[in-house]
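Report on one structure; see the data block that follows.
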Amino acid sequence: PARVVGMPAVTYVPIGLAGFVRCPADAVPPVLRIDWKRDGRPLDLQAMLGWFQRADGALVIPEVSKAALGSYSCTPHNAYGSMGESASTQLILKPPPYFTLVPAREYKQEVGRELRIPCSAVGDPPPSYSWRQEGHLLPQQPPARDGTLYIRALHKEDSGRWACVASNVVTSISADTYLYVTGTTPHSARDLHASSALDSANLSWAPGYDGGYAQHFTVWVKRLDRRPSYWDPLPVPAAHSEITVGDLEPGKFYQFSVLAHNQMGSGPFSPILTIRTQSPYATTAEPHLRAGFNSATLSPPRCLTANQTESALLLTWLPPLNQSEAAFNYSVESRHRWAGWEENGCLPTNSGQFTNIDSSKTTWYEFRVLVVADDGISEPTNTVTVWMAGALSPTRPALEVPQPILAGVIAGICFLAIAVLFSTVAACLISRQRRSQRPG
Numbered sequence: 001p002a003r004v005v006g007m008p009a010v011t012y013v014p015i016g017l018a019g020f021v022r023c024p025a026d027a028v029p030p031v032l033r034i035d036w037k038r039d040g041r042p043l044d045l046q047a048m049l050g051w052f053q054r055a056d057g058a059l060v061i062p063e064v065s066k067a068a069l070g071s072y073s074c075t076p077h078n079a080y081g082s083m084g085e086s087a088s089t090q091l092i093l094k095p096p097p098y099f100t101l102v103p104a105r106e107y108k109q110e111v112g113r114e115l116r117i118p119c120s121a122v123g124d125p126p127p128s129y130s131w132r133q134e135g136h137l138l139p140q141q142p143p144a145r146d147g148t149l150y151i152r153a154l155h156k157e158d159s160g161r162w163a164c165v166a167s168n169v170v171t172s173i174s175a176d177t178y179l180y181v182t183g184t185t186p187h188s189a190r191d192l193h194a195s196s197a198l199d200s201a202n203l204s205w206a207p208g209y210d211g212g213y214a215q216h217f218t219v220w221v222k223r224l225d226r227r228p229s230y231w232d233p234l235p236v237p238a239a240h241s242e243i244t245v246g247d248l249e250p251g252k253f254y255q256f257s258v259l260a261h262n263q264m265g266s267g268p269f270s271p272i273l274t275i276r277t278q279s280p281y282a283t284t285a286e287p288h289l290r291a292g293f294n295s296a297t298l299s300p301p302r303c304l305t306a307n308q309t310e311s312a313l314l315l316t317w318l319p320p321l322n323q324s325e326a327a328f329n330y331s332v333e334s335r336h337r338w339a340g341w342e343e344n345g346c347l348p349t350n351s352g353q354f355t356n357i358d359s360s361k362t363t364w365y366e367f368r369v370l371v372v373a374d375d376g377i378s379e380p381t382n383t384v385t386v387w388m389a390g391a392l393s394p395t396r397p398a399l400e401v402p403q404p405i406l407a408g409v410i411a412g413i414c415f416l417a418i419a420v421l422f423s424t425v426a427a428c429l430i431s432r433q434r435r436s437q438r439p440g
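Here UniProt numbering is used: position 313 in the sequence shown is 313, and no number is missing along the way.
Written out as structure tokens, the structure is:
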């Protein structure tokens, strides 16, 4: 059953701000519900304006006032029941800490220089301080006792939003600022978006911080199904953060990434955006895809096998494990040894086999199958290798007998021949000896 472990005797909440009363429950299986009491009577949350329980069962008081005063207890329940009500915790109202000195709205400083950002607050009890950059707590470079942040030598990575956090047992408060480190290469572009047409795509993005210098961009483009696959650079006109990329092929997948440049050099590439140009046979437009698409999010088909008959080659496979995600098609690809992969056909979701194989060369061929969906291309299946002879009529190669078996067969034949020969000679000798022993 569920139980409460370590209910504090006192819970501090900030006057005028949101307060929380937690129920430290311990339960396996997990807690299903928590019942609250105030001053020994069941607490009716519907009668308390704005009060509610969080997912973890904590009691939330949106704006603390004297009306919240009282003694609170909780009873957790799981599938096995409850071990009983907790000890009571007394709610104590205290003023929250407040800032006496806050950072400026923004700071600009050259890379390699030092920087001090002031921050100070008071409260009962006195608060402690921490700094966060882009929401992440920074354990290195602890702040001064009054909360001032001191950075001895600025780096490019120090650019971004910072927050001074002052905390005591009552609550935590924060003050934000933005730091621009100048004299660096540009930061990565973000928020890539694209819309596709038959043979083009309109690409736009949000520029990152320019590092203190004017920046310009290059769009890198790659077609996914080309083997070998490579990136092509496409310069973007100055002061532009959008471009139309032309000369694309209909119904193909392309990837885009944006690279920013300034007089200090090039920044990092943006997240990759994957799109599919519209198909000339499609009745609706292909939606654009999200940045950072990873083909690993689509499971490939499974267990590809090849079965040859006298007049055809039959490829069969099992559907991907996550076929319920979205509509998709199968793409069957083939190549003769060491050549590039080529698409043989595109099949609907309910297909699991393919027979229309066009082989123009008599050689070994390799086959594989991929999933093609609106949000990308999967990894390929296992590759199967078969011998193809003729235009459309695959035949099996001549059967080769392994050398050890062939040697054994020949040795056996020779042994039988010698045995027959010896038997014949022995029979002749015995017959001649008998005739010579007969009386004249």
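Ideal Cβ placement from N, Cα and C applies to all residues, glycine included.
If you're wondering where the values come from, they're calculated on a predicted model, not measured in any experiment.
Check your understanding: How many angstroms separate the CA atom of Val60 from the CA atom of Leu45?
Key -> 10 angstroms
Check your understanding: Does the stretch 146-164 come close enough to the stretch 82-96 that 3 or more CB-CB pairs lie under 8 angstroms?
Key -> no
Practice item. Please determine if the stretch 98-109 and the stretch 71-80 are in contact, where contact requires at least 3 C-beta pairs separated by less than 8 angstroms. Key: no
Review point. What residues in its chain sit with their C-beta under 8 angstroms from that of Val31, if we drop five residues either side in the sequence?
Key: Closer than 8 angstroms at the Cβ level, and outside the excluded window around Val31, lie Ala2, Ala25, Gly57, Pro76, His77 and Asn78.
Practice item. Decide if the stretch 191-209 is in contact with the stretch 112-131; the criterion is three or more beta carbon pairs, one per stretch, under 8 angstroms apart. Key: no
**Study point:** Other residues of its chain near Arg38: CB distance less than 6 angstroms, five sequence neighbours each side excluded
**Key:** Gly70 and Tyr72
Practice item. Measure the C-alpha to C-alpha separation of Thr11 and Ile92 and round it to an integer number of angstroms. Key: Thr11 and Ile92: Cα-Cα distance of roughly 6 angstroms.
Point to revise | Nearest neighbour of residue 446, chosen from Ile117, Pro96, Gly183 and Glu379 [CA to CA] | key: With the chain covering only 1 through 440, there is no way to say anything about residue 446.
**Study point:** Cβ pair Ser120, Gly147 closer than 8 angstroms
**Key:** For the 8 angstroms CB-CB criterion, Ser120 and Gly147 form a contact.
Review point. Given a threshold of 16 other Cβ atoms within 10 Å of its Cβ, counted over all protein chains shown, does Thr277 qualify as buried or as exposed?
Key: So Thr277 ends up on the buried side.
Check your understanding: Do the stretch 204-219 and the stretch 236-246 make contact, defined as three or more Cβ pairs closer than 8 angstroms?
Key -> yes
Review point. Where does Cys74 sit, in a helix, a strand or coil, going by DSSP?
Key: Strand, per DSSP.
Point to revise | Backbone CA spacing between Ser299 and Glu379 [nearest angstrom] | key: Going from the Cα of Ser299 to the Cα of Glu379 covers about 7 angstroms.
Review point. Does the distance from the C-beta atom of Asp35 to that of Pro42 stay below 8 angstroms?
Key: yes
**Study point:** Cβ neighbour criterion (16 or more within 10 Å) applied to Trp231
**Key:** exposed
Point to revise | Three-state secondary structure assigned by DSSP to Cys119 | key: coil
Review point. If you count every other CB in all the chains shown that lies within 10 Å of the CB of Ile117, and 16 or more means buried, which is it?
Key: buried
Check your understanding: When the Cα of Thr274 is compared with those of Phe253, Gln263 and Pro14, which residue comes out closest?
Key -> Looking at the Cα atoms, Phe253 is the closest of the given residues.
Check your understanding: Would you say Val332 and Phe367 are within 8 angstroms of each other, going by their C-beta atoms?
Key -> yes
Practice item. Identify every run of the beta strand (DSSP E) within the UniProt domain "Ig-like" (97-182), keeping only runs that are complete inside it and at least 3 residues long; order them along the chain. Key: 98-101, 106-110, 115-117, 120-122, 128-133, 149-151, 160-167 and 172-182
Exercise for review: Return the bridge partner residues of Gln308 from the DSSP annotation.
Suggested key: For Gln308, which the question treats as bridged, DSSP gives the partners Leu313.
**Study point:** Presumed contact (8 angstroms Cβ cut-off) between Glu63 and Gly16, rounded CB distance
**Key:** 6 angstroms
Exercise for review: Give the DSSP-derived three-state secondary structure of Thr185 in the structure shown.
Suggested key: coil
Point to revise | Residues near Ile151 by beta carbon distance below 7 angstroms, same chain, minus five either side | key: Glu114, Leu115, Gln141 and Asp158
Check your understanding: Should Pro8 and Pro96 be called a contact, given that it needs their Cβ atoms to be closer than 8 angstroms?
Key -> no
Check your understanding: In its own chain, which residues sit with a C-beta less than 8 angstroms from the C-beta of Lys66, not counting the 5 before and 5 after it?
Key -> Leu93
Point to revise | As assigned by DSSP and simplified to three states, the class of Arg302 | key: Of the three classes helix, strand and coil, the one that applies to Arg302 here is strand, per DSSP.
**Study point:** Buried or exposed (CB count within 10 angstroms, at least 16 for buried), Cys414
**Key:** exposed
Point to revise | Alpha-carbon spacing of Cys23 relative to Met83, whole angstroms | key: Taking the straight line joining both Cα atoms gives about 14 angstroms.
Practice item. Output the distance between the C-alpha atoms of Leu259 and Pro186, rounded to the nearest integer angstrom. Key: In a straight line, the C-alpha of Leu259 is about 9 angstroms away from that of Pro186.
**Study point:** Cβ-based neighbour list, Gly81, same chain, cut-off 8 angstroms, excluding 5 preceding and 5 following
**Key:** Pro1 and Ala2
Review point. Under 8 angstroms between the Cβ atoms of Thr177 and Arg105?
Key: yes
**Study point:** Environment of Cys164 [buried if 16+ CB atoms lie within 10 Å]
**Key:** buried
Check your understanding: Any idea if Asp247 is buried or exposed, counting beta-carbon neighbours within 10 angstroms, 16 or more meaning buried?
Key -> Around the Cβ of Asp247, a 10 Å sphere holds fewer than 16 other Cβ atoms; the residue is exposed.
Point to revise | Bridge-paired residues (DSSP) for His193 | key: Ser204
Review point. Looking at C-alpha atoms only, which residue of Lys108, Asn307 and Leu138 is the closest neighbour of Tyr209?
Key: Lys108
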